[in-house]
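Engineer: Per the numbering used here, the very first residue in the sequence shown carries number 3; after that it's consecutive.
Submitted below is the structure of interest, expressed as structure tokens.
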Amino acid sequence: MRVLLGVCGGIAAYKAAELVRALRGAGHEVRCALTRSAESFVTPLTLEVLSTERVYRQEYLQPTETGEELHVELAAWAEAICVVPATAHTIGRLAHGLADDFLTTTVLAFDGPIIVAPAMHSIMWMQPAVQSNAELLRKRGVAIVGPVIGELASGGSGVGRLVDLTVLLDVIERSQGSGELAGLTVLVTAGPTHEAIDPVRFLSNRSSGKMGFALAAEAARRGARSVLVAGPVELPTPAGVERIDVVSAAEMHEAVERRAARADLIIMVAAVGDFRVSSTAHRKLEKSELSGGLSLQQTPDILKGLAESAPGALRVGFAAETENLEAGACRKLEQKDAAFIIANDVSRSDIGFGQNENEVLVFSRDAEPQLIPKASKDAIARSLFDILGPAVLAHGAALSRVAS
Ligand code: PMT
């Protein structure tokens, strides 16, 4: 495969040199184009030696031997373009179709898969302007890979670190499909369950399914096979999503277990009923028969069980808490053996159950909790996939390293 690496001026630029080696080691041809500021971080000579190809700087006005303009010739040569590290400035220029240097001009002349790997301080990455530029690119089919949570060059930690190079290599190699999650299966559960008491009454909760449906839609948008196990809700099926409707916790359990072993990422958003009645009546019960109370049985913990039935999948749970958000989320991370727990405060009336907006805290084993501030559930789903997407790719890469 012929890969053009667009290198921008950020501290992670030295990793582009490592990526050149990794790509060449995997048998690919690599050429590099540097922005002007990239040269302050990595020398053209380094990239030239590693790639054994000429490095493109700002010479786009020079004529070529074939008479073709250089940026057009290079764009025709490339089968994929990967911009790494992508700065906020270059993301903005790409999003708005600006062509004020050789790299952006070449990207505009290119008609193929574009991968953008941002790296910057978390405050910069979370700026609405940067987020909306990244989203514009994503909507046009550009694979935005990362950034991930971790230590930052400027000190402290947060979201902003360049994604692991093995992940990037994997995305580049799969880029002939479309979307950064092409080839992966994402299984999402959504909505409540109904635990029947008799033919007309049931135990349930206030989940509308909106959060889970938004995540399933986002997984499909990013190129994954998106499978949605939905409790009883009235929502339309998002484009590109395979939907399986269930009613009870037992049905949801069975539907998830049947598909879990083939999933790369499982996100349990459903508010699964924790209890069902010990024996469901086949006729409508009289009030007098109910006044003595209900005998309840605990339902199986679906997420916890996945550690055994889907050990290879990246498993993610949600935590619906009304107090002690952090303590509850950390406990669930351990008890349910999940890689991530996404906690939301369901005592608030403006987010969570039934609302169009949410605000979540992302808990994982190796990083500080990350707040995703209040936004529409679609926007929360996008931000979550900015974290979960690279994580599932890294998880897959780690598994294949263990297997080989
Ligand atoms: O559907 P919406 O109206 O959009 O609302 C979204 C939401 C508030 C339902 C969602 O954001 C959310 O918090 N979902 C998790 C609800 C929940 O059941 O939380 P929990 O803390 O009780 O459970 C923790 C985790 O265990 C969850 O991933 C849950 O799916 C899972 N679980 C729970 C019980 C059970 N028997 N099996 C499970 O797998």
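Where is the CB? At the ideal position from N, CA and C, for every residue including glycine.
1) Report yes if the C-beta distance between G398 and D172 is below 9 Å; otherwise report no.
2) Going by DSSP, what residues sit across from F320 in a beta bridge?
3) Are L305 and L189 touching if we call contact CB-CB under 9 Å?
4) Are there 16 or more other CB atoms within 10 angstroms of the CB of H123, so buried, or fewer, so exposed?
5) Does at least one heavy atom of the ligand PMT sit under 8 Å from the Cβ of T239?
6) Write down every uninterrupted run of the beta strand (DSSP E) in the segment 180 to 241 whose length is 3 residues or greater and which is fully enclosed by it, in chain order.
7) Starting from V74, trace the alpha helix (DSSP H) both ways and give me its first and last residue.
8) Would T187 and V229 qualify as a contact pair, given that the criterion is a beta-carbon distance under 9 Å?
9) Within this structure, are the beta carbons of L7 and A18 separated by less than 9 Å?
10) In the DSSP assignment, find the alpha helix (DSSP H) that holds D113 and state where it starts and stops.
11) Alpha carbon to alpha carbon, how far is A315 from L292?
12) Indicate the three-state DSSP secondary structure (helix, strand or coil) for K376 in the structure shown.
13) Roughly how many angstroms separate the alpha carbons of P313 and F387, rounded to a whole number?
14) Write down the C-beta distance between L76 and Y58 rounded to the nearest angstrom, noting that I regard them as a contact closer than 8 Å.
15) Report the option in I382, A400, G29, V394 whose CA atom is closest to the CA atom of Q133.
16) Run the CB neighbour count on W422, radius 10 Å, all protein chains shown included, and call it buried at 16 or more, exposed below.
17) Give me the Cα-Cα distance between K376 and E175, rounded to the nearest whole angstrom.
18) Under three-state DSSP, which class holds D247?
19) Closer than 8 Å: is that where the CB of F355 sits relative to any heavy atom of the ligand PMT?
20) Using a Cβ-Cβ cutoff of less than 8 Å, which residues in the same chain neighbour R367 once the five nearest sequence positions on both sides are dropped?
21) So which of V318, E197, A131 has the shortest CA-CA distance to S281?
22) Kindly examine the ligand PMT and report whether one of its heavy atoms sits closer than 8 Å to the Cβ of S210.
23) Can you give me the Cβ contacts of A219 inside the same chain, cut-off strictly under 6 Å, excluding the 5 residues immediately before and after it?
24) Indicate, with yes or no, if the ligand PMT has a heavy atom lying under 8 Å from the CB of F320.
25) Looking only at its chain, what residues have a beta carbon closer than 6 Å to the beta carbon of M3, apart from the 5 residues adjacent to it on each side?
26) Please determine whether the Cβ atom of E197 lies at a distance below 8 Å from any heavy atom of the ligand PMT.
27) Taking the CB atoms as reference points, tell me whether A28 and V9 lie closer together than 9 Å.
28) Give me, in chain order, the residues of the same chain whose beta-carbon lies closer than 7 Å to that of R264; leave out the 5 immediate sequence neighbours on both sides.
Structural biologist: The short version:
1) yes
2) I344
3) no
4) buried
5) no
6) 187 to 192, 227 to 232
7) 72 to 79
8) yes
9) yes
10) Counting along the chain, D113 falls outside any alpha helix (DSSP H), and DSSP gives it neither H nor E.
11) 43 Å
12) strand
13) 21 Å
14) 6 Å
15) I382
16) Here the chain covers residues 3 to 406 and nothing more, so residue 422 does not appear.
17) 35 Å
18) strand
19) yes
20) L335, A341
21) E197
22) yes
23) P240
24) yes
25) H30, E81
26) no
27) no
28) T187
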